[in-house]
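Just below is one structure, and these are the notes that go with it.
4 protein chains.
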Amino acid sequence: MKHHAYFKTAAETPPPLTLSITRAVRFDELDPLSIVWHGRYASWFEEARMALGDHYGFGYLDFFNHGVTIPLKKFHADFNRPLTLGLPYRVTARLCWNEAARLDYEFAIHNADGELMSTGYSVHLMIDRAQGVLVAKPPFFEDFCRRWRRGEVG
Amino acid sequence: MKHHAYFKTAAETPPPLTLSITRAVRFDELDPLSIVWHGRYASWFEEARMALGDHYGFGYLDFFNHGVTIPLKKFHADFNRPLTLGLPYRVTARLCWNEAARLDYEFAIHNADGELMSTGYSVHLMIDRAQGVLVAKPPFFEDFCRRWRRGEVG
Amino acid sequence: MKHHAYFKTAAETPPPLTLSITRAVRFDELDPLSIVWHGRYASWFEEARMALGDHYGFGYLDFFNHGVTIPLKKFHADFNRPLTLGLPYRVTARLCWNEAARLDYEFAIHNADGELMSTGYSVHLMIDRAQGVLVAKPPFFEDFCRRWRRGEVG
Amino acid sequence: MKHHAYFKTAAETPPPLTLSITRAVRFDELDPLSIVWHGRYASWFEEARMALGDHYGFGYLDFFNHGVTIPLKKFHADFNRPLTLGLPYRVTARLCWNEAARLDYEFAIHNADGELMSTGYSVHLMIDRAQGVLVAKPPFFEDFCRRWRRGEVG
Chain H
36 MKHHAYFKTA
46 AETPPPLTLS
56 ITRAVRFDEL
66 DPLSIVWHGR
76 YASWFEEARM
86 ALGDHYGFGY
96 LDFFNHGVTI
106 PLKKFHADFN
116 RPLTLGLPYR
126 VTARLCWNEA
136 ARLDYEFAIH
146 NADGELMSTG
156 YSVHLMIDRA
166 QGVLVAKPPF
176 FEDFCRRWRR
186 GEVG
Chain W
36 MKHHAYFKTA
46 AETPPPLTLS
56 ITRAVRFDEL
66 DPLSIVWHGR
76 YASWFEEARM
86 ALGDHYGFGY
96 LDFFNHGVTI
106 PLKKFHADFN
116 RPLTLGLPYR
126 VTARLCWNEA
136 ARLDYEFAIH
146 NADGELMSTG
156 YSVHLMIDRA
166 QGVLVAKPPF
176 FEDFCRRWRR
186 GEVG
Chain U
36 MKHHAYFKTA
46 AETPPPLTLS
56 ITRAVRFDEL
66 DPLSIVWHGR
76 YASWFEEARM
86 ALGDHYGFGY
96 LDFFNHGVTI
106 PLKKFHADFN
116 RPLTLGLPYR
126 VTARLCWNEA
136 ARLDYEFAIH
146 NADGELMSTG
156 YSVHLMIDRA
166 QGVLVAKPPF
176 FEDFCRRWRR
186 GEVG
Chain E
36 MKHHAYFKTA
46 AETPPPLTLS
56 ITRAVRFDEL
66 DPLSIVWHGR
76 YASWFEEARM
86 ALGDHYGFGY
96 LDFFNHGVTI
106 PLKKFHADFN
116 RPLTLGLPYR
126 VTARLCWNEA
136 ARLDYEFAIH
146 NADGELMSTG
156 YSVHLMIDRA
166 QGVLVAKPPF
176 FEDFCRRWRR
186 GEVG
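Okay, structure coming up:
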């Protein structure tokens, strides 16, 4: 299925980690044109991103329990086709490898026919409650990345 | 202007405290019928309620700084006429006297012609982070209520 | 499981129609106290209500396709226990019988242990795009109610 | 004041059209970290964008009344500093000249001290209800652009 690669990664880097969820448009997400209002895509992307983090053990609460928050530095969305009421969509989050203390996520939304509706990305910093912006990954996530590099996760 | 009195108060109680704000409908508050989606009235009522609390010194942060949160126990809205894009509305919050450790707010929304669009109410408990639900008002708010009863605020 | 009966119905009326969905708290529904902000319950109740209407053939789009919209006249919520991140909740909508051209819904949210978190209700009018507020049910819904009364739905 | 120029425009093009509004953070916009949740910036940018359009006579309703809708093709936000409760922020929208039937907006949010909090951009297509995506600007907006180019608006 078609994706858009927002982040360029060197050939030898570990492949991205991917997870998809299914979500249906709710009435309160629609705008006067009966399509999902553009600002609500942040919630769609975030739900897939958090499911991916929870699945691999580096979710919002995993970071939080290690004293680290992961606020967004960048958010981007490209809208191809509108989302309409009642149909289920597949939302895919993809974490791209990064050496730095930073999370690079790519997103794609497909309908049931596999058509690409929207894509996007978000970039997250890691902030330690005591030290501020981290330049190195926190140990628990560094451990995870070591296993990711060795192909031991998934 | 017409209000609806949701809370019955005895004749000798201090008159309610009132504050109005003006707010215009934003595009992202509209539903497919181009009227404000009913769930967003909670934001309209809350904005007036918080402005009232801040004005008198018992706002969200005033309670918070005394270790007390004021979660909702009840929320109610009656919808008379729909709110539409672009026009400004007046949102009025009214705090009704209550002997207990509880906040009883009434709300009304009027258009520029003074027509009543919606009314509602909310009931808030007071929760101390250490002790749980309070049965007596926290001292700073008890002080305020004493002055309210003596007609010294407003 | 404990419910709250907001609408009093005579003994001989048809039993309510009921449907439950499961929904998990999303990060963007949380407030600074890490609990679901009270205004978002409208979305929770609505999702269960729309699933019930879709299941029985009198959903938002069924009414819409017959030229009828069903705006809220009243909304009410009672909050017992806060909803927190990550856990799934069961949201139950219950349509109570009404002779008039009006929809009376009751709602309840339970956690996985069956504890009652919140209840509420909403009342909806029926508005015909040509004639305004309806005093009689539109024919397709009157047909449904006839079958409901005879115990032929469910 | 510092802005970020997302769109490169040739030297001879008309200068951008700019409008600022003031907006304060509401409680329901906060996340568990007591900062504005990233997805709500779409509403902040949109409010300034719509005020700019309304000011110059090519707002949402102006396009709509000419049978044209202006859905987003792209949305982007860069977050520098978090927005917190109670303080007013200035939100600036800037429409950059484009020969095509497309609207290119840049956004900036500053605090009361003039510090840059966030920037972003959105790109909008023009869709005619009859013909689909427009390749030429609709006549009323072409007229406006002619006056914009001659320096007759502002």
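Chains as they are written, first to last, in the numbering used here: chain H, 36 to 189; chain W, 36 to 189; chain U, 36 to 189; chain E, 36 to 189.
Glycine residues also receive a C-beta, built at the ideal position from the N, C-alpha and C atoms.
Since this is a predicted model, take the numbers as computed values, not measurements.
- Straight-line spacing of the CA atoms in A165(W) and H90(W) works out to 27 Å.
- For E177(H), no beta strand (DSSP E) encloses it; the enclosing alpha helix (DSSP H) starts and ends at 174–184.
- For the pair T119(E) and R61(E), the Cα-to-Cα distance works out to about 9 Å.
- Under a criterion of Cβ atoms nearer than 8 Å, no residue of chain W is adjacent to W79(H); the nearest Cβ is some 15 Å distant.
- When C-beta distances to chain W are compared with 8 Å, every residue of the segment 153–177 of chain H stays at or above that value.
- Exclusion of the five residues before and after T104(E) leaves F98, I162 as the residues of its chain whose Cβ lies within less than 7 Å of its Cβ.
- Taking R184(E) as reference, the option from T57(E), T48(E), E150(E) with the minimal CA-CA separation is T48(E).
- The beta-carbon of R61(H) is placed less than 8 Å from the nearest beta-carbon of chain U.
- Per DSSP, the unbroken alpha helix (DSSP H) holding F98(W) starts and ends at 95–100.
- The beta strand (DSSP E) runs of length 3 or more contained entirely in the segment 39–99 of chain W are, from start to end of the chain, 52–59.
- If you look at I105(E), you'll find it isn't in any beta strand (DSSP E); DSSP assigns it neither H nor E.
- Beta-bridge partners of D113(W) (DSSP): T154(W), K109(U).
- Distances from the CA of I144(W) to each of P117(W), W132(W), V158(W) were compared; the closest alpha carbon is that of P117(W).
- For the segment 114–125 of chain W, the beta-carbon criterion of a distance under 7 Å to any beta-carbon of chain H is satisfied by none of its residues.
- Taking the Cβ atoms as the reference, R137(H) lies roughly 11 Å from L107(H), outside the contact range of under 8 Å.
- If you draw a straight line from the Cα of G102(H) to the Cα of I56(H), it comes to about 28 Å.
- Minimum Cα-Cα distance from A45(W) among the listed residues F110(W), Y76(W), N133(W), Y124(W) corresponds to N133(W).
- Residue contact check for L68(H) against chain E: a CB pair falls below 8 Å.
- In terms of Cβ geometry, G155(E) and H111(E) form a close pair [threshold 8 Å].
- G167(U) has D163(U) as its beta-bridge partners, per DSSP.
- Taking a Cβ-Cβ cut-off of 9 Å, A128(W) has no neighbours in chain U, whose nearest Cβ is about 15 Å from it.
- Nearest C-alpha to D63(W) among L96(H), F175(H), Y76(H), A86(H): Y76(H).
- In terms of Cβ geometry, V158(W) and D139(W) form a close pair [threshold 8 Å].
- Taking 8 Å as the cut-off, the beta carbon of L151(E) is found closer than this to the beta carbon of N115(E).
- The three-state reading of DSSP puts A128(H) in strand, counting E and B together.
- Annotation for A147(H): no beta strand (DSSP E) segment contains it, and DSSP assigns it neither H nor E.
- In chain order, R61 make up the part of chain U whose C-beta sits under 7 Å from the C-beta of E82(H).
- Listed in chain order, the non-local C-beta contacts of M85(H) below 7 Å within the same chain comprise G94, Y95, local neighbours out to five positions each way being set aside.
- In this structure, the straight-line span from the alpha carbon of F42(W) to that of A59(E) is close to 31 Å.
- Exclusion of the five residues before and after A147(U) leaves no residue of its chain whose Cβ lies closer than 6 Å to its Cβ.
- Between the alpha carbons of I70(E) and R181(W) lies a gap of roughly 35 Å.
- In chain order, D66 place their CB closer than 6 Å to the CB of W72(H), counting only its own chain and leaving out the 5 sequence neighbours on each side.
- In this structure, the beta-carbon distance from V126(E) to A171(E) does not fall below 8 Å.
- Note that the C-beta distance between A128(H) and F175(H) is not below 8 Å.
- Contact note: Y95(W) reaches chain E through F62, using a C-beta cutoff of 7 Å and chain order.
- At least one CB of chain E lies nearer than 8 Å to the CB of W72(U).
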